[in-house]
Amino acid sequence: MHCPILIAVVIWSSCVDSQKIRGISLSYKRFYRERKSFLCIDGSKLIPFDQVNDDYCDCADGSDEPDCCDASDEYNSHTACQNTCRNLGQRERAEVKSQMRALDQGLRLKQQLIEEGVLTWRDKQAQLRDLQRVLDDLQTQLDDLRKEDARRKKEVDALRELEIGALETEENSHRSHIMNESPVSIFYELDSNRDGRLSAKEVRAKLTDIQDGERVLSEDEAVALLGGGHHVDLSRFEETLWNSIRIGHNVTIRGRVPGRLVKGEPVLKAAVSAAEKAAAELKKVEDAYETVYMEIRDLREKLATDYGPEREFLFLYNQCFQLKVHEYFYELCPFNQVTQTSASGAEVSLGKWGSWAGSPQHRYSQMKYENGEPCWQGPTRNTVVTLTCGTETALRSVKEPGKCQYVAEFQTPVACRPALRQQGVHSEL
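Those letters in the sequence shown? Residues -18 to -1, 1 to 411, by mature numbering (1 follows the signal peptide of the UniProt record, and there is no 0).
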């Protein structure tokens, strides 16, 4: 560039636009970002940024004048600028060549993963069909078992009602029989020692529970039936125990209860046992149905996820990748969540799978994980994961540029794109 000095001064601001600086190696581009000052790449000198590409070589290594790497345009410099063209070109071409080899390998791996993804997708579709058939069979079993369970319960209820009816008929018959007898005859039937008094001991020996003919009354029950005393005479008997016997107050004279259907009857017992078995079988099939239903739901959710145009990202499902940064362990589980674990073992969610978040041209270049745990007096944690091309699949970096806002780099062969070949070697080298 051989602009007259006066013209160069007038149009200086347009000549040093960092976005248009040419002659910069791809590997050195980061050194030429617009800022107030520029540090020579060899670290020898710090100069104002507006002295970059000003046709005057300020840095001994010539890094402030990248337009012509042989310094042929730096006519007004008292510093001998180095001719770095050959070295820069060789390094740049070697780096690009290495990148192209890695890209080729990454693309080959990507194709393998795509082919594996197709097979996995087909397997999951077949698995879904098989599970649906199992679920349909279980539904048929459930329909039959529910009918059987209802029938068994109805049978038990009917037998229990029959038992209750038999007991009521029996009790009514017993009461009718007792009503035809006089309290005197009953008193003397119970007064086994014929002393004209009825004791609690005699009551316990002669009376029984009308619901359970085998059960002996307790001492307290016998005393209660005698009105609270341990002995009663005939007149007191008529006021206390006689009324209980006459109205069928859960007691009767031992030996006077005719044979009847009881709870332990073989027919009812067998019905109850069958009903319990039917209920247990129903519960077993209901549990199996719930398990298969959940498997189908999870599988459908998995198949509904966007794994890329060729499902190249499907292989990442159910995988997790870890990285230690200082005292923290970070874990990325693609299509699931991102977490941070401290040295003490406390785990914090940095976001759950949200969506692809790349630009319209490269939609699958970024992942967004949202609604993690809230920060103290701050927003909920979110993470944006940028996918880069590489021959390995690994979590490369995690940073927190803003409060509770994380960015991560995730390297994987499926992020490689053939378009990267078109960049080629830097034209000026």
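C-beta: ideal position from N, C-alpha, C; glycine also. Note that the coordinates shown come from a computational prediction; the quantities given were computed from them, not determined experimentally.
According to DSSP, is residue i helix, strand or coil?
{"i": "threonine 122", "result": "helix"}
{"i": "glutamine 319", "result": "strand"}
{"i": "arginine 48", "result": "Per the sequence shown, the amino acid found at residue 48 is proline instead of arginine. DSSP places proline 48 in coil when its eight states are reduced to three."}
{"i": "glutamate 313", "result": "strand"}
{"i": "tryptophan 103", "result": "helix"}
{"i": "leucine 199", "result": "coil"}
{"i": "threonine 375", "result": "coil"}
{"i": "serine 337", "result": "strand"}
{"i": "glutamine 359", "result": "coil"}
{"i": "serine 255", "result": "helix"}
{"i": "glutamine 72", "result": "helix"}
{"i": "glutamine 304", "result": "strand"}
{"i": "residue 435", "result": "No answer is possible for residue 435: it lies beyond the span of the chain, which begins at -18 and ends at 411."}
{"i": "serine 181", "result": "strand"}
{"i": "glutamate 382", "result": "strand"}
{"i": "valine 214", "result": "strand"}
{"i": "glutamine 343", "result": "coil"}
{"i": "threonine 287", "result": "coil"}
{"i": "glycine 42", "result": "This sequence places alanine at residue 42; glycine is not what is there. Note: alanine 42 maps to coil in three-state DSSP."}
{"i": "phenylalanine 13", "result": "helix"}
Excluding the five sequence neighbours on either side, which residues of its own chain have a C-beta within less than 8 angstroms of the C-beta of residue i, listed in chain order?
{"i": "leucine 113", "result": "Val274, Glu277, Ile278, Leu281"}
{"i": "residue 413", "result": "What is shown of the chain runs -18 to 411, which leaves residue 413 out entirely."}
{"i": "valine 185", "result": "Leu172, Leu199, Ala204, Leu207, Leu208, Leu223"}
{"i": "threonine 89", "result": "Checking the displayed sequence, the identity of residue 89 turns out to be leucine instead of threonine. Within the same chain, leucine 89 has close Cβ partners Pro395, Cys398, Pro400."}
{"i": "glutamine 343", "result": "none"}
{"i": "histidine 212", "result": "Ser181, Ala182, Val205"}
Can you tell me which of the options puts its alpha carbon nearest to the alpha carbon of residue i?
{"i": "proline 400", "options": "Glu171, Asp86, Glu283", "result": "Asp86"}
{"i": "glutamine 33", "options": "Ser26, Lys18, Asp43", "result": "Lys18"}
{"i": "arginine 134", "options": "Ala257, Asn364, Tyr271", "result": "Ala257"}
{"i": "glycine 384", "options": "Val396, Arg363, Pro395", "result": "Arg363"}
{"i": "threonine 394", "options": "Lys92, Pro48, Ser45", "result": "Lys92"}
{"i": "tyrosine 271", "options": "Asp46, Asn35, Ala108, Gln123", "result": "Gln123"}
{"i": "aspartate 131", "options": "Asp118, Glu221, Leu89, Glu268", "result": "Glu268"}
{"i": "cysteine 398", "options": "Gln322, Leu369, Asp119", "result": "Leu369"}
{"i": "alanine 325", "options": "Asp202, Ser255, Ser26, Tyr310", "result": "Tyr310"}
{"i": "arginine 236", "options": "Cys357, His344, Arg197", "result": "Arg197"}
{"i": "proline 30", "options": "Tyr38, Phe20, Asp37, Asp24", "result": "Phe20"}
{"i": "lysine 266", "options": "Gln72, Ser80, Val366, Gln121", "result": "Gln121"}
{"i": "threonine 287", "options": "Tyr38, Gly336, Ser379", "result": "Gly336"}
{"i": "serine 379", "options": "Asp43, Leu127, Val307", "result": "Val307"}
{"i": "glutamine 107", "options": "Gln301, Trp358, Leu285, Gly360", "result": "Leu285"}
{"i": "glutamate 283", "options": "Leu110, Ala182, Ser255, Asp119", "result": "Leu110"}
In the DSSP assignment, what residue or residues form a beta bridge with residue i?
{"i": "tyrosine 388", "result": "Thr365"}
{"i": "aspartate 191", "result": "Val233"}
{"i": "methionine 349", "result": "Trp338, Val367"}
{"i": "phenylalanine 20", "result": "Ile29"}
{"i": "threonine 222", "result": "Paired residues: none, contrary to the question."}
{"i": "threonine 273", "result": "Bridge partners of threonine 273: none, in fact."}
{"i": "glutamine 393", "result": "Thr370, Ala376"}
Cβ-heavy atom distance between residue i and the ligand ATP below 6 angstroms?
{"i": "leucine 223", "result": "For the structure depicted, the ligand ATP is absent and the ligand set is empty, with no information on it obtainable."}
Between residue i and the rest of its own chain, which residues show a CB-CB distance below 7 angstroms, the 5 nearest in sequence each way excluded?
{"i": "glycine 340", "result": "Tyr346, Ser347, Gln348"}
{"i": "glycine 246", "result": "With a pLDDT of 44 at glycine 246, under the threshold of 50, the predicted position of this residue should be treated as unreliable, though the coordinate-derived value follows. Excluding positions up to five away in sequence, the list is empty."}
{"i": "lysine 27", "result": "Asp40, Cys41"}
{"i": "glutamine 387", "result": "Asn364"}
{"i": "leucine 332", "result": "Val320, Thr321, Gln322, Tyr351, Gly354, Arg363, Thr365, Tyr388"}
{"i": "serine 226", "result": "Leu207, Val233"}
{"i": "arginine 128", "result": "Leu264"}
Might you give, ordered along the chain, the residues of its own chain that have their beta carbon closer than 6 angstroms to the beta carbon of residue i, omitting 5 neighbours on each side?
{"i": "phenylalanine 169", "result": "Leu216, Phe219"}
{"i": "alanine 253", "result": "Glu137, Val138, Leu141"}
{"i": "leucine 377", "result": "Phe303, Leu305, Leu314, Phe392"}
{"i": "leucine 180", "result": "Leu172, Asp173, Val214, Phe219"}
{"i": "serine 45", "result": "Cys22, Ile23"}
{"i": "lysine 381", "result": "Val389"}
{"i": "proline 356", "result": "Thr362"}
{"i": "proline 165", "result": "Glu220, Trp224"}
{"i": "tryptophan 338", "result": "Arg345, Tyr346"}
{"i": "threonine 323", "result": "Phe311, Glu329"}
{"i": "cysteine 367", "result": "Here the sequence assigns valine to residue 367, which means cysteine is not the residue at that position. Once the five neighbours on either side are set aside, the close Cβ partners of valine 367 are Met349, Ala390, Phe392."}
{"i": "tyrosine 289", "result": "Phe295, Leu296"}
Got a sec: is the Cβ-Cβ distance from residue i to anything in chain D below 7 angstroms?
{"i": "serine 167", "result": "Looking for chain D here will not work: only one protein chain is present."}
Quiz item: Counting pairs of Cβ atoms below 8 angstroms between the stretch 178 to 189 and the stretch 204 to 213, do you hit three or more?
Solution: yes
Exercise. Take every Cβ of the stretch 310 to 321, pair it with every Cβ of the stretch 348 to 360, and state whether three or more of those distances are shorter than 8 angstroms.
Key: yes
Practice problem: Would you check if the stretch 284 to 297 and the stretch 101 to 120 touch, i.e. whether three or more CB-CB distances between them fall below 8 angstroms? | Solution: yes
Exercise. Evaluate contact between the stretch 257 to 275 and the stretch 89 to 99, counting only Cβ atoms and requiring at least three cross-stretch pairs below 8 angstroms.
Key: no
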